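One structure is given below, encoded as structure tokens.
Protein chains in written order, with the numbering used here: chain A, 1 to 425; chain B, 426 to 767; chain C, 768 to 1064.
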């Protein structure tokens, strides 16, 4: 039986890899290189996977059009983590056993990051993680990278937004899941610090049939606004019941409410025009009118074959961050003259850090050309600059936006990194 | 084998041993005694949480980002033993509520509700076992005192889980062949007849409930020590269904049949589904895995309800039958079993 | 203030109970007649709910969609029995086996829906209407219609079971199928009718649940099934009036617990109540009454 199982595993490993064996240099084979999308494609967070795919495919489309990386074409490899640590561990081990064409990984969200990150670290595969967990703020893992704002900074930024919008009494309404509970504590702490009184603090059990009691508690209080993050179904049910009570409280939400599944669920429940009237979204600063952003959007829309309904991801910052991550890894490989993950990993900061000598580039093609011309570069992508600190985190400023009923972004105002530091520090 | 491939094989083997343990424990309840425990995965979860909490140390450790009750740092193998104790206590509690004089399908319904309550409690009481995020960073047992490479440690863990698994299998086999096993089969075939013959129906059922609970809890403890994390998304009630499928496919009340089922379903099917050539959509693939599991179950119950390796016909069984015929007259009841067989 | 909160919670409980009651009665009605514990009930709710969505998205009025969904649920339910459950019972699959079969069907159907619609969220086009205050209770027009539908469905069922020939036949089969057959009742037709009615109620429960949650996905129906089962078990499985009572108790208790103690205890409070009831009355509140009165429908 054990023999059979071992044979099965070997077969598995053999089937999915063309050149097994650790340490062999993939550059010799010139076969395609894989960027894994290790995310939930099923279960409660099944929308996370397609979201990351909407960043990966547009990036490799442009990279491959431009001749690939050191002669290799890139492919995106979706792997389902099922959003559960016990399922993710065998999936990660299988991925890592599948051979040396794997050069980098996207995804690895909050639901599994703590558990599988050490496996990628051990296998020396760089991971651009979408986890927001504060426990990674001072991560010492060499192969962990985060080009998104951590949850705690996001929470402070939401509190600052509430303050800037002039609210003095607010309610905190967060889902009880790991993502929302990462943001809630600092949002609450920040509001207290800024003198906003917290009328009520609700941790919603996800996906309940109704939240009438919670809504009732909210409307009997004197909150002027709701500071909130929850999953699509939960937010939709809650806000629908709130609007049925005839109350239209302004909301301050975060990156989650830019995700298409959230917009679809909530707009379906309370109407797109009402949503756009009440919701102010606090997101990491990403200049959407930049050339880099337009390059991303154009490639996204052209990736219809791999990304169904591409337009929906247009303003989703997680997709944008994964797009940038793929470009950054590719440029780092070129800068390192190696596709070996353990070699190019240390070049990631070299293609993203500001420097007087560096040429600022906004696309893969420009970056590749500059590197081949022997220049130093700083890639500033669709999500803005990614300046990594020694913990491989790249926190920056935030901005408040509103989405119009037609899906256009309207800037309300900026929240600088200094402001976040001041409240958080 | 490359190091990465070895790690993958190690993972598969540990998962197989853990699955086999739970399948045997569940089969003692379902295959042998006829108790339909749809909350079985909860016992595994209880064991996993207990082991995790007793290995992690106080809740304030690890940067304090996890909140749970009862944190302690006990040396190996105390957390595993504690897990078994918790499994026993939970089995007594749940058994007391749901195992009494209820029809078997009614019991199944109550157990299903128990499974969902347990998930709801773990999910909503955020400070109990860290809510939906679950527990992570559970240290590997003895990792610091045994100086081995990750691979060497992995293989050692395979041996450890394999030995525990064989011990569990041997124990269950002994129970099945003992007079208690005979009583359990008699209860399964006809509860009222068994009662009429003076067999302690409720007591025997509670006993297998407790043994199965302890085995499940132990398996959960071993799994969490290997994986290092445990969250509510890993023990939703359909997970119990997968174990039932394994037993039905392999052959209930047959120790080897169950082993075959554990190899084919939780480990084999999951791996095999990924090689189905289909559109590049892991979402559809995950759905497909469940659809195939469901179809396999229905097909087996339709075509071969006794499973690939059927229960051995025992001479004692024919005695049971003769006894049953007599007892039917006494109790004037209807017999109740999985059916389908001759 | 506390009193107002209690009254308003009872109001919310009634809305939840309406959805629950339609589901729980449908679940228990079929069980009482056929003895098959149908865990695919939630999937019938989901498929009927999505049928309504397909029509509603094309502009059909939601209340008309509700009727179509009910019909779709009924047809699906009868088909499942005819093609799968009944043949298996004839092949000798007993209680145990049938539970496993119905849960298999639930998984297959749910994941088929999931594979088709994807991990996305959907909403009906339905306006909540005006908000009305009855004392401290607040209802929207839609909620009042939901309550109305539940009440009418329950009354209609009561009349049908009590006064029509089919209703009497159904109760007879539920009490003693052999005796019923001996009395010349065509049990086959009665069983089919039970599956149909149960499916209709499942379909309607699916749509009003999806209206109530405002947003739904492929898993919403099955997620709610366990609460429906809890209500049915609480009242006494196989007992229609028990199911109604169970739905009211579960709905109101959970909302009161949410309002007065802590919203995170909402589901748990209902389940704890169920456990307590089972400790005292292992067969549910009304089961013994039913046994004495010989009214099992």
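Glycine included, every Cβ here is placed at the ideal spot set by N, Cα and C.
Remember, predicted model here, so these are calculated numbers, not experimental data.
For a test of the three-state rule: what should DSSP assign to residue i, helix, strand or coil?
i                       : result
residue 253 of chain A  : strand
residue 211 of chain A  : coil
residue 350 of chain A  : helix
residue 169 of chain A  : strand
residue 379 of chain A  : strand
residue 756 of chain B  : The predicted model places residue 756 of chain B with a pLDDT of 43, which falls under 50 and marks its position as unreliable; any figure quoted below should be read in that light. In the structure shown, residue 756 of chain B sits in a helix (DSSP, three-state: H, G or I).
residue 695 of chain B  : helix
residue 904 of chain C  : strand
residue 737 of chain B  : coil
residue 554 of chain B  : strand
residue 34 of chain A   : strand
residue 1022 of chain C : helix
residue 679 of chain B  : coil
residue 158 of chain A  : helix
residue 20 of chain A   : Residue confidence for residue 20 of chain A is low, a pLDDT of 38 falling below 50, so the modelled location carries little weight and cannot support an answer.
residue 203 of chain A  : strand
Taking only beta-carbon atoms, is residue i less than 7 Å away from chain B?
i                      : result
residue 425 of chain A : no
residue 84 of chain A  : yes
residue 137 of chain A : no
residue 254 of chain A : no
In terms of DSSP beta bridges, what is residue i paired with?
i                      : result
residue 590 of chain B : Paired residue(s): none; residue 590 of chain B is not in a bridge.
residue 228 of chain A : A:173
residue 400 of chain A : A:282, A:413
Check whether chain C comes within 7 Å of residue i, counting only Cβ atoms and requiring the distance to be less than that.
i                      : result
residue 232 of chain A : yes
residue 107 of chain A : no
residue 587 of chain B : no
residue 595 of chain B : no
residue 237 of chain A : yes
residue 549 of chain B : yes
residue 629 of chain B : no
residue 701 of chain B : no
Nearest-angstrom Cα distance between residue i and residue j?
i                      : j                       : result
residue 243 of chain A : residue 135 of chain A  : 36 Å
residue 137 of chain A : residue 470 of chain B  : 30 Å
residue 392 of chain A : residue 980 of chain C  : 41 Å
residue 694 of chain B : residue 437 of chain B  : 13 Å
residue 595 of chain B : residue 43 of chain A   : 36 Å
residue 524 of chain B : residue 627 of chain B  : 7 Å
residue 727 of chain B : residue 146 of chain A  : 52 Å
residue 891 of chain C : residue 1026 of chain C : 28 Å
residue 919 of chain C : residue 1012 of chain C : 16 Å
residue 170 of chain A : residue 1019 of chain C : 29 Å
residue 938 of chain C : residue 796 of chain C  : 10 Å
I'd like to know if residue i contacts chain A, where contact means its C-beta is closer than 7 Å to some C-beta of that chain.
i                      : result
residue 474 of chain B : no
residue 433 of chain B : yes
residue 942 of chain C : no
residue 718 of chain B : no
residue 913 of chain C : no
residue 658 of chain B : yes
residue 722 of chain B : no
residue 980 of chain C : yes
Considering Cα atoms alone, identify which of the options is closest to residue i.
i                       : options                       : result
residue 142 of chain A  : A:283, A:380, A:346, A:353    : A:346
residue 410 of chain A  : A:277, A:172, A:56            : A:277
residue 1045 of chain C : C:1003, C:807, C:1030, C:1015 : C:1003
residue 190 of chain A  : A:399, A:216, A:161           : A:161
residue 1049 of chain C : C:997, C:1028, C:1019         : C:997
residue 103 of chain A  : A:383, A:387, A:329           : A:329
residue 515 of chain B  : B:670, B:709, B:633           : B:633
residue 548 of chain B  : A:363, A:37, A:203            : A:203
Just checking residue i against the ligand SAH - is the residue's beta carbon closer than 6 Å to any of the ligand's heavy atoms?
i                     : result
residue 43 of chain A : Ligands displayed in this structure: none; no statement on the ligand SAH is therefore possible.
For residue i, would you say it is in contact with chain E, using Cβ-to-Cβ distances shorter than 7 Å as the test?
i                      : result
residue 652 of chain B : The structure shown contains no chain E; its protein chains are A, B and C.
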